[in-house]
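> Mind having a look at this structure? Questions to follow.
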Amino acid sequence: MKKVILSVIAFALVAVTAIAQESMNPIITAMPSLSIAPDARSGGMGDVGVATQADLNSQHWNPAKYAFMESHGGITANYTPWLRKIVNDIDLAYLAGYYKWDDVQGISASFTYFSLGKVDLTNDAGQFFQEARPNEWAIDVAYSRKLHEYVSMAVALRFLYSDLNNGTNSSTIDATERYAAWTMAADVALYYRQPIQLSMGMSYFALGLNISNLGGKMTYDKVTKNFIPANLRIGVGYELPFDKYNSLTFNFEINRVMVPTRKSKFAVDPDGNTVDPSDPQYQTLTRDWYSELPSMKGLFQSFADAPGGVKEEFQELQFGAGLEYSYDKKFFARVGYAYENKWKGNRRYVTFGAGFHLSIFSLDAAYVLSTNKTNPLDGTLRFTLGFDLAGIKDLVNNRK
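Just so you know, we're using the numbering used here here: the sequence shown kicks off at 56 and counts up by one.
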């Protein structure tokens, strides 16, 4: 039963359409929902956000950006109907907010909730014995601070919870107990944003780095331990003004999941001895070996464990590029492209987005157009609604 439900969820979240093919070697983790872009702005620019201009949803991409927010507080709500071409009851909701008590530092927090709808639990023989409504959620808090006029840093602490079958259960069909899994994780982020004066106005060059989800492993049966999606994201951005009202921002970033693969050159034989990695019969780690591999050791090992060597290590890189056109910082049009190697998941799609921002609230939407017709992410919509708390406070005070 456990294998059945985890396989279904892994397919739904990672959207790998041919994962059973022998030539594929994707990276599978617990709680892959943490890797889903939650907001419409980044979702409209090819899922980039580590080096974009600071916004209300910076907590997911790079919490160090909050130190550059002009307002002293804000909140945002995001909603994504997920994989609507396959099912109609999977959803991602994301809430985030921040508060700055001065011009250089502040705190921020977010809450992520991912519902996988209704799932019929079966055993390995396909016999139904229980209905479940699996869900995953995470809550985090971060502190950000400017270290220099152009540089900021942030640290975040996160609690992760994943319940794939309504908590503990057992039956006469499958007597193995299942549990809700949880763990703790942390992020470390840096952001650099420098103004550059041009004849047509002020431009901005930005660099971003976020190492996220550094933490423990998760277990659903108190036996097998699963890696969470530790992630390295590096990006660059440049905002170019055309005149007083019009500007165009370019963004590009590289993303890598720092989790070892099951098909690894660091293989062991059934007795636990290291073997020749060129021997194909030993190019898949045993489940026990993979389960007991420490999370930090696995993080560093992930950069050199692909059986295909350097070539396959580069295949594990994901790329995103996006453009954002702004008129008077009120109307926005966006386009982007996200790329993942075909042997690592094959998520490739063009994204489109639009936004409307006023002094106290903002509204954004994004749409995914897959370049692979079999990709279930095709047609995904995202919606974001944000509020500037300082702007609301000023509005209330002016009316008194």
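Using N, Cα and C, we set each Cβ at its ideal position, and we do this for glycine too.
Could you check which residue in I309, F305, A421, D383 has the C-alpha nearest to that of N133?
Position 78 of the sequence shown holds residue 133. Selected option, being the one with the closest Cα: A421.
> Give me, in chain order, the residues of the same chain whose beta-carbon lies closer than 6 Å to that of E77; leave out the 5 immediate sequence neighbours on both sides.
Here the question's residue 77 lines up with position 22 in the sequence shown. Below a pLDDT of 50, predicted positions are generally treated as unreliable, and E77, at 43, falls in that range; the measurement from the model is reported next regardless. Excluding positions up to five away in sequence, the list is empty.
> With respect to the beta strand (DSSP E) encompassing S126, which residues constitute its N-terminal and C-terminal limits?
Locating residue 126 in the sequence shown gives position 71, counting from the first residue. Counting along the chain, S126 falls outside any beta strand (DSSP E), and DSSP gives it neither H nor E.
> Would you grab the beta carbon distance between L264 and A240 for me? Rounded to a whole angstrom, and I think it's under 8 Å.
Indexing the sequence shown from 1 puts residue 264 at position 209. Indexing the sequence shown from 1 puts residue 240 at position 185. Not confirmed; about 17 Å, so no contact.
> By Cβ distance, which residues of its chain are closer than 7 Å to P431, with the 5 residues on each side in sequence left out?
The residue you call residue 431 lines up with position 376 of the sequence shown. If we look at P431 and ignore the five residues flanking it on each side, its Cβ neighbours are A70, L138, K140, I141.
> Please report the distance separating the alpha-carbon of G290 from that of R213.
Counting from one through the sequence shown, the residue named residue 290 turns up at place 235. Counting from one through the sequence shown, the residue named residue 213 turns up at place 158. When rounded, the distance between both Cα atoms is 23 Å.
> Identify the continuous beta strand (DSSP E) that holds E294 and give its terminal residues.
If you number the sequence shown from 1, residue 294 lands on position 239. Taken as a continuous stretch (DSSP letters only), the beta strand (DSSP E) holding E294 covers 286-296.
> How many Å lie between A445 and D419 at the Cα?
The sequence position of residue 445 within the sequence shown is 390, counting from 1. The sequence position of residue 419 within the sequence shown is 364, counting from 1. Going from the Cα of A445 to the Cα of D419 covers about 20 Å.
> Measuring straight from C-alpha to C-alpha, what distance separates S226 and F282?
Position 171 of the sequence shown, counted from the first residue, corresponds to residue 226. Position 227 of the sequence shown, counted from the first residue, corresponds to residue 282. Because the pLDDT of S226 is 48, which lies under 50, any placement of that residue in the model is unreliable, and the number read from its coordinates should be weighed accordingly. Their backbone Cα atoms lie some 28 Å apart in a straight line.
> On a CA-only basis, which of K201, A261, M257 is nearest E308? Give me that one, please.
Position 253 of the sequence shown, counting from 1, holds the residue named residue 308. Checking every option, the nearest Cα to that of E308 belongs to A261.
> Does the distance from the C-beta atom of E371 to that of K399 stay below 9 Å?
Within the sequence shown, residue 371 is the residue found at index 316, counting from 1. Within the sequence shown, residue 399 is the residue found at index 344, counting from 1. A contact, by the Cβ cut-off of 9 Å.
> Can you have a look at L439 and say buried or exposed, based on whether 16 or more other CB atoms are within 10 angstroms of its CB?
Your numbering for residue 439 matches position 384 in the sequence shown. The identity of residue 439 in the sequence shown is Thr, whereas the question assumes Leu. Answer is buried; the Cβ neighbour count reaches 16.
> Take K299 and list the residues in its own chain whose beta-carbon comes closer than 7 Å to its own, dropping the five residues that flank it on each side.
For the purposes of this step, residue 299 is taken as the residue at position 244 of the sequence shown. Cβ neighbours of K299 beyond the five flanking positions: G256.
> In the DSSP output, which residue or residues are listed as bridge partners for W192?
Reading the sequence shown from its first residue, position 137 is the one you call residue 192. DSSP lists Y168, Y216 as partners of W192.
> Which partner residues of Q44 appear in the DSSP bridge assignment?
No answer is possible for residue 44: it lies beyond the span of the chain, which begins at 56 and ends at 455.
> With three or more C-beta pairs closer than 8 Å as the rule, is the region 103-112 touching the region 189-196?
Too few Cβ pairs lie closer than 8 Å, so no.
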